[in-house]
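Novice: In order, the protein sequence lines correspond to chains A and B.
Take the first sequence: its position 84, counted from the start at 1, is 84 in my numbering, and no numbers get skipped.
One gets my numbering by counting positions in the second sequence from 1 and adding 383 to each.
Quick reminder that beta carbons are idealized off the backbone N, C-alpha and C, glycines included.
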Amino acid sequence: MNAMSENKSSSLNTSNLRAYIMIAVLALIWAYFHWATDSIFLTPRNLSNLMTQMSVTGILAVGMLMVIVSANIDLSVGSVMGLAGGIAAYSLASWEFSVPVAVVIAVMVAMAIGTFQGILTAYMNIPAFIVTLGGLLAWRGAVKWQLGGNTVPIAEDHYKFIGQGNLPMSYGWALAALAIIFVIFMVYRSVRSARSYGLGDVNYTAAALKAIIPIAAIVAFMLVMNSYQGVPIPVLIFVSVALFGAFLTTSTTFGRYLYAIGGNAEAARLSGINNRLNVVKVFALLGALTGIAALIFSARVGAASPDAGVLKELDAIAACVIGGASLMGGRGTIFGACIGALIMASLDNGMSLLNVRDFMQDIIKGSILVAAVGLDMFGRKQG
Amino acid sequence: MPLLEMKNIVKEFPGVRALDGVSFTLEAGEFHALVGENGAGKSTLMKVLSGVYPAGQYSGEILIDGKTMEFAGIRDSEKAGVAIIFQELSLVKELTVGENIFLGREPSTLGVINHSELYHRAADLLRGLKLDIDPRVPVGSLGIGRQQLVEIAKALSQDAKILVLDEPTAALTDTEVETLYGILEDLRSRGVGMIYISHKLEEVFRMSDRITVLRDGKTVGTHRAAELTKDAVIAKMVGREVGDIFPASHHEFGETAAAFRNITAYSPDVPGKKLVDDVSFHVRKGEVLGIAGLMGAGRTELLMTIFGSWKGKWSGTIEAGGKQIKLSSPSDAIRHGIGFVTEDRKRFGLMLDHTIIDNMTLAALKRVSGQFLTDRSREAAAASVPMSSLRVKAGSLMTVAGTLSGGNQQKVVLGKWLLTEPKVLFLDEPTRGIDVGAKQEIYAEINKLAQDGLAIVLVSSELPEVLGLSDRVLVLHEGKVAGEFTRTEATPEKLMAAATGHQ
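1) Taking only beta carbons into account, state which residues of the region 748–773 of chain B come closer than 8 Å to chain A, listed in chain order.
2) DSSP puts K601/B in a beta bridge; with which residues?
3) Between L512/B and V393/B, what straight-line distance do the alpha-carbon atoms span, to the nearest angstrom?
4) So, is R300/A buried or exposed, given that buried needs 16 or more other C-beta atoms within 10 angstroms?
5) By how many angstroms is the C-alpha of L852/B removed from the C-alpha of V625/B?
6) Report the neighbours of A216/A on chain B: residues whose CB is nearer than 9 Å to its CB, in chain order.
7) Following the continuous beta strand (DSSP E) through K706/B, name the residue where it begins and the one where it ends.
8) Excluding sequence positions up to five away, which residues of its chain have a Cβ less than 7 Å from the Cβ of A246/A?
9) Distance cutoff 8 Å, beta carbons only. Does I717/B sit that close to anything in chain A?
10) Can you list the residues of chain B that G272/A reaches, using a CB-CB cut of under 7 Å?
11) With 8 Å as the threshold, decide whether the Cβ of T253/A is near any Cβ in chain B.
12) Which residue's Cα is closest to the Cα of I181/A: M169/A, Y171/A and I218/A?
13) Taking only the alpha-carbon atoms, compute the straight-line gap between L147/A and S298/A and give it to the nearest angstrom.
14) Quick one, which of E559/B, T602/B, L546/B and D599/B has its alpha-carbon nearest G576/B's?
15) Name, please, each residue of chain A whose Cβ falls closer than 7 Å to the Cβ of G732/B.
16) On the premise that V62/A lies in contact with A242/A, defined as a C-beta separation below 8 Å, what is that separation, rounded to the nearest angstrom?
17) Which residue's Cα is closest to the Cα of W145/A: L286/A, L65/A, I154/A and L83/A?
18) Of the choices E410/B, I825/B and A505/B, whose alpha-carbon is the least far from that of Q792/B?
19) Should G366/A be labelled buried (16 or more other beta-carbon atoms within 10 Å of its own) or exposed?
20) Going along chain A in order, which residues have a C-beta closer than 7 Å to the C-beta of F723/B?
21) Compute the beta-carbon to beta-carbon distance between V587/B and K619/B, rounded to the nearest angstrom, for a pair I have assumed lies under 8 Å.
22) Under 8 Å between C-beta atoms, does G287/A make it to chain B?
23) Consider the Cβ of D736/B: report whether some Cβ of chain A lies at a distance smaller than 8 Å.
24) Would you mind telling me which residues of chain A sit closer than 8 Å to S692/B, beta carbon to beta carbon, in chain order?
25) Since I484/B and K537/B should fall inside the 8 Å C-beta cutoff, what is the C-beta to C-beta distance between them, to a whole number of angstroms?
26) Quick check: the Cα distance between S346/A and L285/A, rounded to an integer number of angstroms?
27) Cα separation between A746/B and S767/B?
28) Sort V480/B, T786/B and K390/B by Cα distance to D507/B and report the nearest one.
29) Reducing DSSP to helix, strand and coil, say where W693/B ends up.
30) Taking its Cβ as the centre, do 16 or more other Cβ atoms sit within 10 Å of M328/A, making it buried, or is it exposed?
31) Which residues does DSSP list as the beta-bridge partners of N166/A?
32) Distance check for E561/B and S524/B, CA to CA, integer angstroms please.
33) DSSP three-state label for V522/B, please.
34) Considering Cα atoms alone, identify which of A455/B, T602/B and I447/B is closest to Q440/B.
35) At the 8 Å Cβ level, is R18/A part of the contact set with chain B, yes or no?
Here it is, written out as structure tokens:
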């Protein structure tokens, strides 16, 4: 029984080592840009912008991570995002639907597309790569058709608030308080459960740290955001999505099954898991998140355009991979994917501040993607 | 001077000595059969001969025409005139017959293949073997049997002096078998030495000049076929004491836990081919039912079918807990209290990159963790029960499964199924590739589970294991029940006779 608590802490160390390294890499990147931009990078204003910029990719990365963990891939999210944004704008402008209806329609359409592609993958045995490569082309075609090749402006302020608004500061603190209560409750739940199943001495220091670190992060985040204009709505949505994704992957049977299917599909099937149904579910989930990302994207721009979301699928996949996900499935975390998205966004933001030419930005980002995975592979072989 | 001489071949794998000083000779124009139980070392010996295990990975000497050979790979052995036809075909289905025959040795000028010469030579070769196969059709369009004949033609196109055939008739129809024998007779007259591996003793006696029996990685003996009888060969194959590694056991049988009637399973690849053919049996609470049979007898296919995980068509009825049940997926089977410790733990049993706890709780996750939300502590409490009762040797529940020894991996798979609290447990090759100590522990656990009232169906290729553990033994041969024996009736000779289709 004592072995149990040891185990827990040792596993924590190995899985957290990666996370520490990634946070260290992010800190280095931030420190460099802060120095190179003459202290512009790490200001509340720029951090607020940075977080807003990353929210679309971050939301897509959360859904993509779950798809990748199940040993699948979705190349169509950029096109689906364009289509969902187009549908939202079109239903506001041409059909004169109210904002809530337009929002629901856009998300439902994106989710339906995800479900459809999931069914083709899981039940028709067409590889996800092919299904979604077809989707990449077809849904892009659909959005061009729908918008007639034009950019459709969005006038409704309520809609634009999704992409451009900020949470009033007092609301921000209220939410932060709720989040802190939630963290304390989760830690309490795990301690209580450990005690009730007689797993020996509960490590109260570790439990306290598990509560204190996230609480400190929440407070710091809120202080920074509120010293500019409050929490931007896209950031609020992204953080909620990320927490939801982390909860699904770490604390539900559905999440566990995704890892099992990606880890060894045959073993999962023989253990009584309905692989196909779970694959459809995860594609549907990514579809819904793509719809949400589409709302933010079109609301920020204030318009839906036929080329909205082009190459976004690659950003999302890159974020997952930089965050340690394996395209073979079975491995990857939401936390890693979010840090991966933050690293990509920091590079974009920092290099733009430094006026690095855009072709150079692409070359650097591409090199970093390959280098990150190369280092990971190297490290794993040593281990 | 013999055509081939293998002297004192020793080949070790971690924890196992697969070949322990085997010697073997083959004369030109000789048909030499190599027989033995599954795992006796036949295939390993042939892999040494063909360079699959290159020189340096084994000890001993290989001489061809009196010259010492050290093969670094298959290419080298092919050059020396050794051709092997493995059980699994090594043809590229999308390429034509002719292209396959000359794969890697295409007649060409400056890298451009001369197709007319290629097909001309292929046609000559096929005609020489009296095979009516068009060299221009894709291999995939031929039946499995004709593909096998193409494989043989390919081997012969390389002017093989030594031809190894590993169960070559497994996929052939009767007419194709006759065609094959015609070819082999012809080769014999041309002076080709042939090593023939087969479980079918009829075939072995039909053509062989000499027969060598292997057992536990050692040569039991080499004899002229005329001096032997089938019974004598069987006795040599099994002639081993059932050691005392099997715990003394006394099982009390209860009522029937599950009954399976008229189970027939069709091959998903070859339409109409029955891999399991009208098999019926039952197993009682507290009973260990052994299922014996040789490779390809349909044992795993039978278990897959009655677990709801067979990918092809099947028919039959299944009763569990006194009522008829419908199985369309493994989750149905699990719900009705059937567990299945599958063979080949790396492919079917474990997520090797995941932790012991994740592996162990997978099949019973909703019960040992939560219907929707998981609870790590609850899982840990559940998994630590089999972890300690099976004495899994690992740092902790958080140890990654892939880093464990084979025996401990097997215990994790067993633990996974015990957590589902089964009424009937299928065990498919539960001790393959694990060391003797872990085997003993698993044997003890099987006995304990039976004493606790679990109904166990045990498939094993190791006869001593089947005999040492089973209360009753069912023998399969080519998908059909070839015999059923109680513990007192069962002898190695009887089981082997039934398994080789020789009653």
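Specialist: Reading off the structure:
1) Under the 8 Å Cβ criterion, the region 748–773 of chain B contributes L748, K749, S752, G753, Q754, F755, L756, T757, D758, R759, S760, R761, A763, A764 and S767.
2) The secondary-structure analysis by DSSP pairs K601/B across a beta bridge with R598/B.
3) C-alpha of L512/B to C-alpha of V393/B: approximately 37 Å in a straight line.
4) Around the CB of R300/A, 16 or more other CB atoms lie within 10 Å, so the residue is classed as buried.
5) Below a pLDDT of 50, predicted positions are generally treated as unreliable, and V625/B, at 45, falls in that range; the measurement from the model is reported next regardless. Taking C-alpha positions only, V625/B is separated from L852/B by approximately 11 Å.
6) One finds nothing in chain B with a Cβ atom closer than 9 Å to the Cβ of A216/A; even the nearest lies about 24 Å away.
7) Run containing K706/B: K706 to I708, per the beta strand (DSSP E) assignment.
8) Spatial neighbours of A246/A in its own chain (CB-CB distance under 7 Å, excluding positions within 5 residues in sequence) are listed in chain order as I334 and F335.
9) At least one beta carbon of chain A lies nearer than 8 Å to the beta carbon of I717/B.
10) Near G272/A (Cβ distances below 7 Å), the residues of chain B are P713, S714, I717 and A746.
11) Taking 8 Å as the threshold, the shortest C-beta distance from T253/A to chain B falls below it.
12) Taking only the C-alpha atoms, the option nearest I181/A is I218/A.
13) Cα to Cα, the separation comes out at about 13 Å.
14) Closest by alpha carbon: L546/B.
15) Taking the beta carbon of G732/B as reference, the chain A residues within 7 Å of it are A267, listed in sequence order.
16) At roughly 6 Å, the Cβ-Cβ gap stays under 8 Å, so A242/A and V62/A are in contact.
17) For W145/A, the nearest C-alpha among the options comes from L83/A.
18) Closest by C-alpha distance to Q792/B, out of E410/B, I825/B and A505/B, is I825/B.
19) Only exposed fits G366/A, as fewer than 16 other CB atoms lie within 10 angstroms of its CB.
20) The contacting residues are L270.
21) That pair is no contact at about 12 Å.
22) Not one chain B Cβ lies under 8 Å of G287/A.
23) Closer than 8 Å to the CB of D736/B there is at least one CB belonging to chain A.
24) The contacting residues are R269 and L270.
25) Sure, about 5 Å apart at Cβ, within 8 Å.
26) S346/A and L285/A have their C-alpha atoms roughly 27 Å apart.
27) Between the C-alpha atoms of A746/B and S767/B there is a straight-line separation of about 15 Å.
28) Looking at the Cα atoms, V480/B is the closest of the given residues.
29) Residue state for W693/B is assigned as coil, using DSSP reduced to three classes.
30) By the neighbour-count rule (16 or more Cβ atoms within 10 Å), M328/A is not buried but exposed.
31) Bridge partners of N166/A: P232/A.
32) Approximately 22 Å, taken between the alpha carbons.
33) Reduced to three states, the DSSP call for V522/B is helix.
34) Ranking the options by Cα distance to Q440/B, first place goes to A455/B.
35) With a threshold of 8 Å between beta carbons, R18/A makes no contact with chain B.
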